[in-house]
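Worksheet for the structure shown next.
Residue numbers (this note's numbering): 220 to 357.
Dropping the structure here:
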């Protein structure tokens, strides 16, 4: 396992080629672009679904994982130009701590200043796919 990103101490670059979703309960040095939906399943179950989804997703490679933290580091390769982008995803137990969970997701481009909302689209696609397989309650 390689080093995983710390969402708590994250410093985003000045360039607009990143997108960040954080759980409402997480204190971070970075400002989120949006708040995570709440998923109607325990954190461990969501993490297992996330691992399966990321492992099966075309163009995605799991570069590192930390099962204790419930975090994945993913390299997403774009279809057309084969750019490599980085996606960090961590699952957190929601406020009730048992039956619901939330995500921290940080997608960022390795190259260039503008991403034409590619990172935002990638994050929304991931959230949509996870919601499609289980009920999101918020």
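By construction, the Cβ of each residue, glycine as well, lies at the ideal position given by its N, Cα and C atoms. Just so we're clear, the structure is a prediction, and the values are computed from it rather than from any experiment.
Residue i burial status per 10 Å Cβ neighbour count (16 or more: buried)
i, result
"residue 280", "exposed"
"residue 222", "exposed"
"residue 344", "exposed"
"residue 325", "buried"
Cβ-Cβ distance between residue i and residue j below 8 Å
i, j, result
"residue 262", "residue 306", "no"
"residue 283", "residue 341", "no"
"residue 314", "residue 244", "yes"
"residue 248", "residue 224", "no"
"residue 273", "residue 291", "yes"
"residue 240", "residue 253", "yes"
Residue i in three-state terms, based on DSSP
i, result
"residue 264", "helix"
"residue 290", "strand"
"residue 245", "coil"
"residue 348", "helix"
"residue 275", "helix"
"residue 342", "helix"
Extent of the continuous beta strand (DSSP E) run through residue i
i, result
"residue 308", "303-312"
Rounded distance between the beta-carbons of residue j and residue i, thought under 8 Å
i, j, result
"residue 257", "residue 348", "In fact, because the Cβ distance is near 16 Å, the residues do not count as touching under 8 Å."
"residue 238", "residue 338", "4 Å"
"residue 329", "residue 303", "6 Å"
Span of the alpha helix (DSSP H) around residue i
i, result
"residue 328", "Element bounds for residue 328: not the alpha helix (DSSP H) but the beta strand (DSSP E), 320-328."
Any chain B beta carbon closer than 8 Å to residue i
i, result
"residue 330", "Within the model displayed, chain B is absent; a lone protein chain is all it includes."
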